[in-house]
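J.: Sequential numbering from 232 applies to the sequence shown in my numbering. Built from N, CA and C at the ideal position, the CB exists for glycine as well. The structure displayed is predicted, hence computed values, not measured ones.
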Amino acid sequence: MSLAAQFSCHSDYDPESLSVHQASDFIRSQLTPVRTHERLALRSALGRVLASDVIAPCNVPAHDNSAMDGYALRHADLAGAGHTQLRIAGTALAGKPFAGSVGAGECVRIMTGALPPAGADTVVIQEEVRTDGDSVIIPPGQGRGQNIRRAGEDLAVGKPALAAGRLIRPAELGLIASLGCAEVSVYRRLRVAFLSTGDELCSIGTVLGDGEVYDSNRYTLFGMLSRMGCEVLDLGVVGDDPAAIEVAFCQAAAAADVVISSGGVSVGEADFVKDLMAQLGEVLFWKIAMKPGRPMAFGRIGAGGEGRGHDSATSAWLFGLPGNPVAVMVTFYQFVRDALYALMGADPLPVVPLLPAVCSVALKKVPGRSEFQRGVLTQSDGRWSVRPAGAQGSGILRSMSDANCFIVLEHDRAGVAVGDLVSVQLFDGLV
Ligand code: AMP
Ligand code: MG
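This is the structure we're talking about:
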């Protein structure tokens, strides 16, 4: 079934006014992860997605060990209600076990991470005991087995320690290392090609002509894609010329899993791009009920028009983002980011939570579209409050740079009064 036919099955599908949620659900419903796996040395796997479960080849911890600095003893030696005096028979350090065993009336000085000596079943923390020459006095109330970390209590041998789909962050690197694994199986990197369209665009390092603007979208896209660990393919600037765009798209579709263009999807420009994309595959042009970022195209294109065959090696998903620099970043974060993680095989998708904050400024807003204002979230008197980061025009990239969050004004919401709660989405952690 064609993309358009699938989407039009939904009763509320209106390409002229799609909500942010509808658009992202539609996109997600189409995507399946890349299938190719590769084995990598552990450090190289940072930012990748596990392609198969990591089964623990050993217990973590591998051996019982003391959770605290203190004294290892036989619980049976302790007097029920009163204090007990025990002779210190030696010391057990992490990596340097006590060679003997703990006899009746004895204990061993033990440090965190050290193996409990033979015979000892309990550790009493040093803060609770009183030393007296070569012996210690233990107060009552000690539980049998306390302060001992058990072999396998973190990760049990033979059990899945991490499931396929897990994004490998620093914690996962450490966890896999704690199992002694030097390599992991991950999905291959996603190949993402991007280009800017527009006759007015000028590349950095050259002199700006009359009516020209420097192309900044390829730089924000490069940054976002690189942070997501994608293999990027920069196809440069292409003029508003169907033949040139066709060449660029064919090249991109053959080389990449995903093609991201910016510009050329607004009314007027979209017409020739629409015809071109219809030739190369199947692309839906949407007006999304959002600000910024209204016009957007999504679909599949192929070098020889094979965009309809989803598994073809010569076709790619296409995101035709609007041209305005802020709109590029907003649509990337709201649609492309999740889509790329889904294609990378991430399961669950890394979420960027919406958190409540008090808005310190009144904001105008009409119901019927989602808005993503750029905000500055600050803390004072233990309370988080947010205000817009300067002028909010969709071309004013400074608002993204000065901001540390989006103020997300939901579809049905009307204006915001001073002191109202709004949802914010922190930039840190987005990619
Ligand atoms: P468009 O969506 O092509 O109509 O572009 C909307 C606005 O964004 C216009 O003012 C363009 O000049 C600007 N724009 C488009 N592409 C870029 C780009 N790559 N870098 C900076 N500004 C751009
Ligand atoms: Mg343009």
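1. Please check if any C-beta of chain B sits within less than 8 Å of the C-beta of Ala588.
2. Quick check on this structure: which residue in Leu640, Lys390, Ser283, Gly350 has the alpha carbon closest to the alpha carbon of His268?
3. Alpha carbons only, please: which of Gly470, Gly460, Leu511, Ala475 is nearest the one belonging to Ala484?
4. What's the gap between the Cα of Leu398 and the Cα of Phe566?
5. I need the DSSP call for Val438, collapsed to helix, strand or coil.
6. Would you check if the stretch 339-356 and the stretch 291-300 touch, i.e. whether three or more CB-CB distances between them fall below 8 Å?
7. Rounded to a whole number of angstroms, what is the C-alpha to C-alpha distance between Ala402 and Arg274?
8. Are the CB atoms of Val417 and Ala276 within a distance shorter than 8 Å?
9. Would you kindly report the start and end of the unbroken alpha helix (DSSP H) that includes Gly405?
10. Between Asp542 and Cys240, what straight-line distance do the alpha-carbon atoms span, to the nearest angstrom?
11. Report all residues from its chain with a CB closer than 6 Å to the CB of Gly321; omit the five preceding and five following residues, and keep chain order.
12. Just to confirm my understanding: we take Ala413, look at its own chain, exclude 5 residues before and 5 after, and list those with CB closer than 8 Å. What are they?
13. Using alpha carbons as the reference points, say which of Ile258, Val592, Gly350, Val559 lies closest to Tyr450.
14. Between Leu628, Leu580, Leu507, Leu608, which lies nearest to Asn555 when the distance is taken from Cα to Cα?
15. Pull up the distance between the alpha-carbon of Phe238 and that of Gly530, whole angstroms please.
16. Identify whether Asp542 lies in helix, strand or coil by the three-state DSSP scheme.
17. Out of curiosity, what's the CA-to-CA distance linking Asp243 and His252?
18. Which residue marks the beginning of the alpha helix (DSSP H) containing Ser630, and which one marks its end?
T.: So, from the listed chains and residues:
1. In summary, chain B is missing from the structure at hand, where a single protein chain is found.
2. Ser283
3. Leu511
4. 19 Å
5. coil
6. yes
7. 12 Å
8. yes
9. 401-409
10. Any reading at Asp542 is ruled out, since the residue's pLDDT is 47, under 50, leaving its predicted position unreliable.
11. Phe329, Val339
12. Ala272, Leu273
13. Val559
14. Leu628
15. 12 Å
16. Summary for Asp542: the model assigns pLDDT 47, below 50, so the residue's position carries little reliability, and this model does not support an answer.
17. 12 Å
18. 629-633
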